Amino acid sequence: VGEFEMQQRGRKGFDRKAYLDKLADFMKHAVKIGPLPQLYILSTMVSADFDKGGSAFAAIKVEMWNEAIIKVNKMMPLVVESYAIAKEAGEDFTERGEESEDPASYMRLQQLFVSFVERLDDELYKALQFTVDVYGSEYQEILGNSSRFLVLLKKSMKFFEETKQVQPLASVSLRLMEHLYYKPDLLNAAVFEAMQHNEPECDKEDWEWPKDS
């Protein structure tokens with residue numbers, strides 16, 4: 001996969017659809033091997049999505065953002081599963097482990113996952129900031145995506161909290177705080193209640209909005 005990625009991305013006449021189709025074929029084999037190869041392929045797919053990104057003053061298209069968050073959400077359980085396997089194997093989770101030169105190592109892929117979460121947030125903010133028609137359907141879809149992204153943030157924060165990984169926990173916690181801080185408590189409470197209704201029973205307590213906030 002790594003060799004295929006280097007040969008294809010960035011070259012003239014790059015066909016993104018054909019590239020993603022080929023990666024999807026690789027994924028069929030990766031499923032038989034384990035979570036880490038799947039995580040690597042999904043990270044490669046998300047990188048290709050963001051290759052089509054906007055600029056400092058323009059967000060990526062809503063459709064592309066939607067495609068990216070679907071893949072990042074698929075990465076989440078694979079991150080959890082791969083972490084457990086890597087921990088059992090005695091992998092280095094210190095800063096030295098993060099500097100591994102192996103692009104398919106767990107720590108490198110976890111770093112990518114966090115960077116994708118941050119990029120989704122950045123693109124969402126730009127989309128809200130630069131969409132002209134705030135009464136149009138596109139703006140309403142972007143607002144809806146804020147709730148979808150909130151779910152990803154909460155799940156990421158819970159994982160890093162449970163695994164006591166301070167640096168990524170700080171990164172996603174800060175993003176979550178920024179989403180909540182500037183909104184009225186009544187709005188946040190309503191969003192949390194709606195999310196709680198949609199989540200499985202085991203996750204409902206994560207969506208209890210504090211009464212004394």
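Start counting the sequence shown at 1; every next residue gets the next number (the UniProt record's numbering).
Glycine residues also receive a C-beta, built at the ideal position from the N, C-alpha and C atoms.
Small disclaimer: the values here were computed from a predicted structure and weren't measured.
Residues bridged to residue i [DSSP beta-bridge criterion]
| i | result |
| --- | --- |
| A89 | None, per the DSSP bridge assignment. |
CA-to-CA distance, residue j to residue i, given in whole angstroms
| i | j | result |
| --- | --- | --- |
| Q7 | P210 | Per-residue confidence for Q7 stands at a pLDDT of 48, beneath the threshold of 50, marking its modelled position as unreliable; the derived number appears in the next sentence. If you take the alpha carbons of Q7 and P210, they lie about 51 Å apart. |
| K158 | M27 | 27 Å |
| A89 | D25 | 28 Å |
| N188 | L180 | 7 Å |
| Y182 | K22 | 43 Å |
| P77 | E193 | 24 Å |
| D203 | F50 | 30 Å |
| Y139 | E91 | 44 Å |
| L20 | M45 | 6 Å |
| D212 | I33 | 48 Å |
| E178 | D121 | 10 Å |
| D185 | P103 | 42 Å |
| D15 | V132 | 31 Å |
| A84 | E101 | 21 Å |
| L128 | E205 | 29 Å |
| E67 | R119 | 13 Å |
| K164 | K126 | 31 Å |
| V134 | W65 | 18 Å |
| S137 | L174 | 29 Å |
| T94 | Y40 | 20 Å |
| F160 | A86 | 15 Å |
| H197 | V166 | 30 Å |
Beta-carbon gap between residue i and residue j smaller than 8 Å
| i | j | result |
| --- | --- | --- |
| L176 | L153 | yes |
| K105 | P35 | Checking the sequence shown, residue 105 turns out to be Ser, not Lys. Taking 8 Å as the Cβ cut-off, S105 and P35 do not qualify as a contacting pair. |
| V114 | V72 | no |
| A58 | F130 | yes |
| A48 | Q38 | no |
| K17 | L42 | no |
| S147 | V172 | no |
| N145 | L169 | no |
| V62 | E141 | yes |
For residue j and residue i, believed in contact at Cβ under 8 Å, the rounded distance
| i | j | result |
| --- | --- | --- |
| I69 | F149 | 7 Å |
| Q111 | V79 | Going by Cβ atoms, the distance from Q111 to V79 rounds to 11 Å, so no, they are not a contact pair. |
| E201 | W207 | Not really, about 12 Å apart at Cβ, beyond 8 Å. |
| M195 | V151 | 6 Å |
Alpha helix (DSSP H) runs contained entirely in the segment 162-190, provided each spans 4 or more residues
Qualifying alpha helix (DSSP H) stretches, in chain order: 166-181.
Scan the segment 132-166 and note each continuous alpha helix (DSSP H) run of 4 residues or more that stays entirely inside, going in chain order.
You should have 137-162.
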